Structure formats: C-alpha cells, structure tokens
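2 protein chains.
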Amino acid sequence: MKNYTKISAKNKNEARIELHDKLNLTGSEISLNILPSDASVPFVHAHKENEEVYFVIKGTGTFVIDEEKIELNEGDFIKISPMGKRQIFAGENGITYLCIQTKTDSLTQYTADDAIIC
Amino acid sequence: MKNYTKISAKNKNEARIELHDKLNLTGSEISLNILPSDASVPFVHAHKENEEVYFVIKGTGTFVIDEEKIELNEGDFIKISPMGKRQIFAGENGITYLCIQTKTDSLTQYTADDAIIC
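Read top to bottom, the protein sequences are chains A and B. So for the first sequence, numbering that gives the first Met the number 0 puts the first residue at 0; every next one is plus one. So for the second sequence, numbering that gives the first Met the number 0 puts the first residue at 0; every next one is plus one.
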C-alpha cells in the first residue's frame, strides 16, 4: 500500500470539498470552501473539542467571532478555539478558504522532534 | 481572553512561516512555504507519529515519495503517512504550499459530530 493519497481540487467549483474520507485523514478534517459574493455560512457554530484554522486562499470576507467582526483578506490565517461562536461571510467578490479541524491538545511533538531524516 | 488568534501572511516573502507558536495551535503545526525556481527541501524525511497534508497554493513541483515521482500543481492536496520518505522539489516558477502536520489517529470526531449550532 502506498504511503500517500492525492487529489486535485483545481478547476473544481464545488461549494465545499471535504477531504477526510478522500485522503484517508486520521488527524484532521480539511475542507476547501467557496462562498460566492455576499453569501455566508447560514448558521453560527462552535465546537465540542476541535480547534479550527481558516486560511484565506483568495477573495475577502468577514468573520464574526463572539460578536466581534474580523476582516478577512487573502493570506490570512485564523485559529479559533472550540468555544468561539463563529460565522463567516463572503465579501463582494466571494471568498475561497481552507478550514482545518483538529482535536485540541492532540499534537504531542512536531517538525524536528517528530522528523526522521533519511 | 479572545477565542481566536490571527496573522496575515500576505506580502510576506519568507521562505517558511511556522504557525504553531504564532497562532497558539494545539492540534497541528502548519507552515507556509515558498520554494524558488528549481529549489528543493535539501533532505529526505519521514515522521515518527505525524501525518502531513500538503496543499499547493500556487506554482508547480514534484514530490518524491518512497522513490516515486508525483507531479504537483496548484490545487493539489497530498496526504503522506508517517513512514513515507518524502522530498519536495519546486518547478521552474517555484512553488508555494502549506504543510499541515497532525498526530496520526488523533481526530475522534469532526464537523456535524463535533459542532454545536448556536
């Protein structure tokens, strides 16, 4: 069995692609999301145990987190703790972003501490 | 204390930005990487317990995983299991990518199972 899985999202214009099952992820759920002009995710949500990191690939928008408005631009990363009440809104040209969900406090070591140089 | 942390990577041309400490991540290490034309990460590596997901933001390149060559294009996602021996090479116009490290088997629930709708 190969040690990798791959998919291409290029030229896919789906509103949301969830990668967990497509890539056999075991440490995260990652989704690629496209919100068109002035659209929003239609609910406010928080999490039980997962933190989320959002990465703005292109476009602009606004996050509302615990009732505070936060401007979103290309290249922004936002980490939200589980209890943050969040809702994302696209700007006038829409927004394309990644959402990375991981379990809070699950990472025990990383980079140099976890690497094996071959 | 706020339930979020944010940084912008726009217009930063650093070869590598590591987000774990900047965003207070507890479930992942995420890095934003820019490899210039025809450069490569200068070693082959594997991991002890972390899986990695690479996402190509722009440019092209090649992954060598367990001696197999895999072409990389904008919009590609690749998940690599810990034991995969990997090395990434930029194409002629360079490559910009995210690397997301998480602990194998650490995610216990996600999306609808982990969400709290407010």
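No residue lacks a Cβ here, since even glycine has one placed at the ideal position from N, Cα and C. Everything numeric in this text was worked out from a predicted model, so none of it was measured.
Whether residue i touches residue j by CB criterion (8 Å)
i      : j      : result
A:L31  : A:L97  : yes
A:F88  : A:G60  : yes
B:Y109 : A:I79  : no
B:A45  : A:C117 : yes
B:S36  : B:E70  : no
B:Q86  : B:V52  : no
Exposed unless 16 or more other CB atoms sit within 10 angstroms - verdict on residue i
i      : result
B:A14  : exposed
B:T107 : exposed
Residues near residue i by beta carbon distance below 6 Å, same chain, minus five either side
i      : result
B:I115 : none
Strand pairing of residue i, partner residues [DSSP]
i     : result
B:S39 : B:F88
A:N49 : A:K102
B:K57 : B:T95
B:V32 : The sequence shown places Asn at residue 32 of chain B, not Val. B:N32 is bridged to B:R15, B:Y96.
Among the options, nearest to residue i - alpha-carbon criterion
i      : options                        : result
A:K1   : B:K84, B:E28, B:S39            : B:K84
B:S7   : A:N92, A:N72, A:S39            : A:N72
A:K11  : B:Q86, B:G74, B:A111           : B:G74
B:A111 : A:D113, A:Q100, A:D112, A:A111 : A:Q100
B:K5   : A:F76, A:I56, A:V63            : A:F76
Residues near residue i by beta carbon distance below 8 Å, same chain, minus five either side
i      : result
A:T19  : Thr is not the amino acid found at residue 19 of chain A; the sequence shown has His there. Once the five neighbours on either side are set aside, the close Cβ partners of A:H19 are S27, E28, I29.
B:M82  : A45, H46
B:Y66  : As written in the sequence, residue 66 of chain B is Glu, which differs from the Tyr given in the question. The answer, listed in chain order, is K84.
B:S105 : G26
A:L24  : L18
Close beta carbons around residue i, own chain, < 7 Å, minus the five adjacent residues each side
i     : result
A:I16 : A8, S30, L31
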